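K.L.:
Numbering (the numbering used here), first residue to last: 3 to 488. Yeah, the Cβ is synthetic: ideal placement off N, Cα and C, and Gly gets one too. Just so you know, these numbers come straight off a predicted model, no measurement behind them. Let me give you the structure first, and then I'll get to my questions.
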Ligand code: UN1
């Protein structure tokens, strides 16, 4: 079995203790032995990042962009291998794994060009012979803590904008996908990212991750993951800047005037894509009562056709869940749903297969106060709630603590625009599913789905840069704002 290392100050080094990871589609297959990074490793990584900061931040941004363009090129060359690795390491079907790598390529290309922008603005002054502008400055050492469900794309969303802005980084990936993280860092290294600029510490969130969060020399943390972890991070981070992308319980509204085939495609893709393991997954379907019966019947037919299996088999629709705990969680929620009196329309069981599979599951006759309609399950379990009209649909949509993604299928333009206005979420799709955000638009949620930051595109630049306000007085005398204004 291959043993993998940490990457600190441009060296691949061991920590001591190790852990192993298995292929979720075939748990007998161990994918590797990885370092269980600890607090000391985090200290070393932060120190390396701190030492590398001055030089990296002085590299002209277009030159940093050239390195990122090389990253994009290397990712493109390795796209198929990385996608296969992702499928083996966390289970998603190969077509989606390719999409994940593509998302990283897209962000690298976008941010490479950003090296020639990183815009501030200029404006007027209330005083004569005075010039005012803003510029962007790097933050310093940033800590990046990433989940397993997009094991290449989400680290790329964070590392790449952080680098173009001139920061140096300590990257702590999920222990379910250490190998994808290592491959990504190898690509960064090969592309010419200087030593100390990106440091990788694999290992448990409770020790390594929290130490990074608390570290006095780390100026910002960007985290994607569970809501409760996000809350804990916010409490522990002190005065650092913290960017949080947390959970969701995203809904799709289907009105009685919707194109039903299109809506079915959207529910299948949003609810069961990535085996329901996206923070943007469509885990609630809010359907107009007039079409409820018909829609439910069509949906069950479609769900029953979905094929489970190894994501490497291109004919498979649904791969395994990431690990045994995730499988048990879906199982637990099925029991909760049954106890709450929802109707199990299909699925609900662990199939007799090797691997952490779970049948695609639909609960109907749900009400909004049920736990299955409120909690983020992060598995292939969808709850269907019927409503009498548009107003009730919006009310149900908003009656959750989360506010990440949302969708409405309707051909009524007034309802479409009203939904854009009324739905409490960071993202709203019209006649499209809840998943599939593009990298040049802001990504993030409101309410318990985050703390107000957005990733992607220009908002990614905002997340990883400080704004400095600059006043240049060329009058040659003391001029006092607000006082010398007559
Ligand atoms: C996530 O689930 O954590 O919009 C991110 C999407 C993807 C990203 C999802 N581009 O579904």
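For residue 266, tell me which candidate among 340, 13, 296 and 181 has the shortest Cα-Cα distance.
P.N.:
When only C-alpha atoms are compared, the closest one is 296.
K.L.:
So, for residue 386: in the same chain, excluding its five sequence neighbours on each side, which residues have a beta-carbon less than 7 Å away from its beta-carbon?
P.N.:
Counting only Cβ-Cβ distances below 7 Å, and skipping sequence neighbours, we find 287, 289, 298, 364, 365, 366 and 368.
K.L.:
Express the C-alpha separation of residue 187 and residue 489 in angstroms, rounding to a whole number.
P.N.:
Residue 489 lies beyond the residue range present for the chain, which begins at 3 and ends at 488; the question has no answer from this structure.
K.L.:
Where does the unbroken beta strand (DSSP E) through residue 474 begin, and where does it stop?
P.N.:
It spans 467–475 - the beta strand (DSSP E) in which residue 474 sits, taken as one unbroken run.
K.L.:
I think residue 427 touches residue 407, with their Cβ atoms under 8 Å apart; what is that distance to the nearest whole Å?
P.N.:
Confirmed, Cβ separation roughly 6 Å.
K.L.:
Alpha carbon to alpha carbon, how far is residue 116 from residue 325?
P.N.:
Taking the straight line from one Cα to the other gives about 38 Å.
K.L.:
Would you mind listing the beta strand (DSSP E) stretches within the segment 146–176 that are 3+ residues and don't spill past its ends, in chain order?
P.N.:
For the segment 146–176, whole beta strand (DSSP E) runs of length 3 or above, ordered along the chain, are 170–175.
K.L.:
Along the chain, where does the alpha helix (DSSP H) that runs through residue 52 open and close?
P.N.:
Taken as a continuous stretch (DSSP letters only), the alpha helix (DSSP H) holding residue 52 covers 41–60.
K.L.:
Over the uninterrupted alpha helix (DSSP H) stretch that includes residue 332, give me the two end residues.
P.N.:
Run containing residue 332: 326–342, per the alpha helix (DSSP H) assignment.
K.L.:
What's the C-alpha gap between residue 396 and residue 421?
P.N.:
Straight-line Cα distance between these residues: approximately 7 Å.
K.L.:
With respect to the alpha helix (DSSP H) encompassing residue 400, which residues constitute its N-terminal and C-terminal limits?
P.N.:
Segment 392–400, the alpha helix (DSSP H) holding residue 400.
K.L.:
Jot down the residue ranges of each uninterrupted alpha helix (DSSP H) in the segment 410–434, minimum 4 residues, whole runs only, in chain order.
P.N.:
Listed in chain order, the complete alpha helix (DSSP H) runs (minimum 4 residues) inside the segment 410–434 are 415–424.
K.L.:
Quick one: give me the first and last residue of the alpha helix (DSSP H) that residue 104 is part of.
P.N.:
Looking at the DSSP string, the run of the alpha helix (DSSP H) that includes residue 104 is 96–116.
K.L.:
Under a three-way DSSP split, which group does residue 135 fall into?
P.N.:
The answer is strand: DSSP assigns residue 135 an E or B state.
K.L.:
Just to confirm my understanding: we take residue 21, look at its own chain, exclude 5 residues before and 5 after, and list those with CB closer than 7 Å. What are they?
P.N.:
Here the set comprises 36, 38 and 177.
K.L.:
To the nearest angstrom, how far is it from the Cα of residue 410 to the Cα of residue 261?
P.N.:
Their backbone Cα atoms lie some 11 Å apart in a straight line.
K.L.:
Since residue 110 and residue 158 should fall inside the 8 Å C-beta cutoff, what is the C-beta to C-beta distance between them, to a whole number of angstroms?
P.N.:
Going by Cβ atoms, the distance from residue 110 to residue 158 rounds to 7 Å, so yes, they are a contact pair.
K.L.:
Comparing alpha-carbon positions, which option in 5, 168, 195 and 224 lies nearest residue 175?
P.N.:
It is 224.
K.L.:
Could you say which of 378, 9 and 41 lies nearest to residue 201 if we only look at CA atoms?
P.N.:
Among 378, 9 and 41, the Cα nearest to that of residue 201 is on 9.
K.L.:
Going by DSSP, what residue range makes up the beta strand (DSSP E) through residue 364?
P.N.:
363–366 is the span of the beta strand (DSSP E), which, as asked, contains residue 364.
K.L.:
Considering only their Cβ atoms, is the gap separating residue 170 from residue 198 smaller than 8 Å?
P.N.:
Cβ distance < 8 Å, so residue 198 and residue 170 count as in contact.
K.L.:
Return the CA-CA distance between residue 166 and residue 277, expressed in angstroms with no decimal places.
P.N.:
Cα to Cα, the separation comes out at about 33 Å.
K.L.:
In terms of DSSP beta bridges, what is residue 348 paired with?
P.N.:
In DSSP, residue 348 forms a bridge with 364.
K.L.:
Using the three-state DSSP reduction, which class does residue 277 fall into: helix, strand or coil?
P.N.:
In this structure, residue 277 counts as helix in the three-state DSSP scheme.
K.L.:
So is the beta-carbon of residue 438 under 7 Å away from any non-hydrogen atom of the ligand UN1?
P.N.:
Residue 438 Cβ: within cutoff of the ligand UN1.
K.L.:
What does a CB cutoff of less than 8 Å around residue 425 pick up in its chain, not counting 5 residues either side in sequence?
P.N.:
Excluding residues within five positions, the ones whose Cβ falls inside 8 Å are 396, 399, 400, 408 and 410.
K.L.:
Determine the closest residue to residue 238 out of 257, 292, 47 and 211, with distance taken between C-alpha atoms.
P.N.:
Of 257, 292, 47 and 211, the residue nearest in Cα terms is 211.
K.L.:
Closest to residue 113 by C-alpha separation, out of 102, 90 and 168, would be which residue?
P.N.:
Residue 168 is the option with its Cα nearest to residue 113.
K.L.:
Per DSSP, what kind of secondary structure is residue 126 in: helix, strand or coil?
P.N.:
DSSP places residue 126 in coil when its eight states are reduced to three.
K.L.:
Near residue 493, which residues of its chain fall below 6 Å by C-beta distance, leaving aside the five closest residues on each side in sequence?
P.N.:
In this structure the chain extends from 3 to 488, so residue 493 is not present and cannot be described.
K.L.:
Would the C-beta of residue 366 count as close to the ligand UN1, meaning under 7 Å from any of its heavy atoms?
P.N.:
For the ligand UN1, not one heavy atom lies less than 7 Å from the Cβ of residue 366.
K.L.:
Could you round the C-beta distance between residue 449 and residue 379 to whole angstroms and report it? I think they count as a contact, below 8 Å.
P.N.:
Going by Cβ atoms, the distance from residue 449 to residue 379 rounds to 18 Å, so no, they are not a contact pair.
K.L.:
Going by beta carbon distance, what residues of the same chain come within less than 7 Å of residue 242, once the five residues before and after it are set aside?
P.N.:
Closer than 7 Å at Cβ, skipping near neighbours: 220, 221, 222 and 223.
K.L.:
Where do the ends of the beta strand (DSSP E) carrying residue 63 lie?
P.N.:
Counting along the chain, residue 63 falls outside any beta strand (DSSP E), though it belongs to the alpha helix (DSSP H) covering 63–79.
K.L.:
Across which residues does DSSP place residue 5 in a beta bridge pair?
P.N.:
DSSP output for residue 5 lists 35 as bridge partner(s).
K.L.:
If we count the other Cβ atoms within 10 Å of its Cβ and call it buried at 16 or more, is residue 73 buried or exposed?
P.N.:
With 16 or more Cβ atoms within 10 Å of its Cβ, residue 73 is classed as buried.
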